[in-house]
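Numbered by UniProt numbering, the letters in the sequence shown go through residues 1 to 79 in order. Working notes, beginning with the structure itself.
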Amino acid sequence: MTREATRQGPRDNEPLRDGTSLVAYLHILKKAHAALVGHDRAHQRFGEVVTHGQARKYIEELMPQLRQERDVHRRRRRG
1 MTREATRQGP RDNEPLRDGT SLVAYLHILK KAHAALVGHD RAHQRFGEVV
51 THGQARKYIE ELMPQLRQER DVHRRRRRG
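Next comes the structure, spelled out in structure tokens:
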């Protein structure tokens, strides 16, 4: 069994609803992702997210990259 199959939640197939805090968080991630890879690529990837399960996968994909970039930025600032 894959990691995704074992972590599947009961709402994974439900569509995302506009106006929720999850959608707001996803927009924040999209903005950070766009700063790293460009608006077009980030927008294209974000457009694929329509269910709760896809949102979870999107977050799991982006967070390691965003954390790494944050750490690099912090090291540069602290010099």
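No residue lacks a Cβ here, since even glycine has one placed at the ideal position from N, Cα and C. Fair warning: this is a prediction, and the values are worked out from it, not measured in the lab.
Contained alpha helix (DSSP H) runs [length at least 4] in the stretch 6-61, N- to C-terminal order | Counting whole runs of 4 or more residues, the stretch 6-61 contains the alpha helix (DSSP H) stretches 21-37, 39-47.
Are any of the Cβ atoms in chain C nearer than 9 Å to that of G9?
-> Looking at the structure shown, chain C is missing, and only one protein chain is on hand.
G9 versus G53 - alpha carbon distance | Indexing the sequence shown from 1 puts residue 9 at position 9. Indexing the sequence shown from 1 puts residue 53 at position 53. Pairing G9 with G53, the inter-Cα distance amounts to about 7 Å.
Once you ignore the five residues that flank L29 on each side, which residues in its own chain have a CB closer than 6 Å to its CB?
-> The residue given as residue 29 occupies position 29 in the sequence shown. Here the set comprises L62.
T2 (DSSP reduced to helix, strand or coil) | Position 2 of the sequence shown, counted from the first residue, corresponds to residue 2. Here T2 scores only 48 on pLDDT, less than 50, and its place in the model is too uncertain to base an answer on.
Pick from E60, R77, T51, R76 that is closest to T20, judged by C-alpha positions = For the purposes of this step, residue 20 is taken as residue 20 along the sequence shown, with counting starting at 1. When each option's Cα is compared against that of T20, the closest is T51.
Using the Cα positions of R77 and E69, report the straight-line distance between them to the nearest angstrom.
-> Position 77 of the sequence shown holds residue 77. Position 69 of the sequence shown holds residue 69. Roughly 12 Å separates the two Cα atoms.
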